[in-house]
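Contents: one structure, followed by commentary.
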Amino acid sequence: GVCGRATAERKQRPLPVEAEIAPELLERGDTLVALGGGCTTDIAGFVAATYLRGIDWAAVPTTLVGQVDAAIGGKTAINLPSGKNLVGSFHWPVRTIVDPALLQTLPERERRAGLAEVVKTGLLAGEPLWELPEPELVRRCAAYKAAVCLRDPHEHGPRAVLNLGHTFAHALEGAADGTVGHGEAVALGLLAALRLSSEELGLDPAVSREVEEVLRPRPVRVDRERAWASLGRDKKRAGGRVRLVLLEAPGRPVSGVELPEGRVRAALDALVAE
């Protein structure tokens, strides 16, 4: 079967997708193919993980964010009204086909959304991957994430570093009702994480300045209280406290950082427009 283009709204309600699958066309031995962006691969992977108690699936990402991040690593998820990606499964695709030629007609907004994930990967790898030509950029980012995920396929440890900037990003998205794109939120989330990294771990402030020049994130108009409540429900919490990924230096991420609530909230508030 082929799971075509899906919207973020559809990701909120997966069961109709499963209900639309014709049993005579998709059986246990078949493979579900997801051709599209991150929402498509998230939904298709989740459906594959749950339909008939699990069938094979393959990912063919057609967006930059999909090729460098979303379609790699076996995470599948759907959203709940209370937060993003709160229901899901680790269900690795049997094949992921990454073809940069599919990006030739990608709208600029989608390209910039993917650029935020590229910058995140470059910060983790300690290399300015965003400066590379697009085919090489895609290859290097995909290879980095695949290597991290293969070492920790169910996110019990090292894989957590891939959440750099995403705690703040998901909080903004949770308060935005679809008005803030994922790339826009990740760009702001990275900025917050890097600022805290400079304050807490001594990261060179020049790193934040370079990221700001590349991504040019602007504060977004969301309700601060809703964003804070969304962050409080973040799945990366432990013992009632949010765990952050910060950077000591490019290529030296630190996961599981717990900071006073006031510091975290101030960092989040700085991302919200007056």
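Per my numbering, the very first residue in the sequence shown carries number 5; after that it's consecutive. Glycine included, every Cβ here is placed at the ideal spot set by N, Cα and C. Everything numeric in this text was worked out from a predicted model, so none of it was measured.
In angstroms with no decimal places, state the Cα-to-Cα distance between residue i and residue j.
i    : j    : result
W134 : G126 : 7 Å
G266 : P221 : 23 Å
L219 : L29  : 44 Å
I76  : D227 : 32 Å
T67  : N89  : 19 Å
G78  : P264 : 33 Å
S201 : I101 : 35 Å
L262 : V165 : Residue identity differs from the one stated: residue 262 is Glu in this sequence, not Leu. Each residue's Cα considered, the two are about 14 Å apart.
A196 : L176 : 12 Å
A253 : H160 : 23 Å
V83  : S93  : Position check: residue 83 holds Asn in this sequence, whereas Val was assumed. Spanning the two alpha carbons is a distance of roughly 12 Å.
T80  : H158 : 12 Å
R143 : E188 : 23 Å
E229 : L272 : 10 Å
P85  : V91  : 11 Å
Please list, in chain order, all residues of the same chain as residue i whose beta carbon is under 7 Å from its beta carbon, the five residues on each side excluded.
i    : result
R99  : A62
R269 : W232
P223 : L275, V276 and A277
K124 : L168, G169, V190 and L194
L198 : L207, V211, S212, V215 and L251
R115 : L68
R155 : P162
Closer than 6 Å by C-beta to residue i: which residues in its own chain qualify, once you throw out the five before and the five after it? Chain order, please.
i    : result
L298 : As displayed, the chain neither begins before 5 nor continues past 278, which places residue 298 out of reach and without an answer.
V64  : L39 and I101
P97  : W61, A62 and A63
G260 : R247
For residue i, which three-state DSSP category applies?
i    : result
V69  : helix
V6   : Model confidence at V6 stands at a pLDDT of 43, short of 50, so the residue's coordinates are unreliable; what they give is reported in the following sentence. If DSSP states are grouped into helix, strand and coil, V6 belongs with the strands.
T100 : strand
E252 : strand
L166 : helix
D60  : strand
R245 : strand
T183 : coil
G41  : coil
P209 : helix
G49  : helix
G236 : helix
A277 : coil
G260 : strand
L36  : strand
V224 : strand
H160 : coil
R173 : The question names Arg, yet the displayed sequence has Ala at residue 173. Residue state, collapsed to three classes: helix.
Confirm the yes/no value for this check: CB of residue i, any heavy atom of the ligand GDP, distance under 7 Å.
i    : result
E278 : Ligands are entirely absent from the displayed structure, and the ligand GDP is therefore not among its contents.
Could you name the residues of the same chain whose beta carbon sits closer than 8 Å to that of residue i, not counting the 5 residues immediately before and after it, in chain order?
i   : result
G87 : H174, G178, S234, R237, D238 and K239
Decide yes or no for the touch test of the stretch 58-76 against the stretch 28-42: beta carbon pairs closer than 8 Å, at least 3 of them.
Three or more Cβ pairs closer than 8 Å define a contact, and the stretch 58-76 meets that threshold against the stretch 28-42.
Item checked: alpha helix (DSSP H) runs wholly inside the stretch 78-158, at least 4 long, in chain order -> Counting only runs of 4 or more, we get 112-129 and 138-155.
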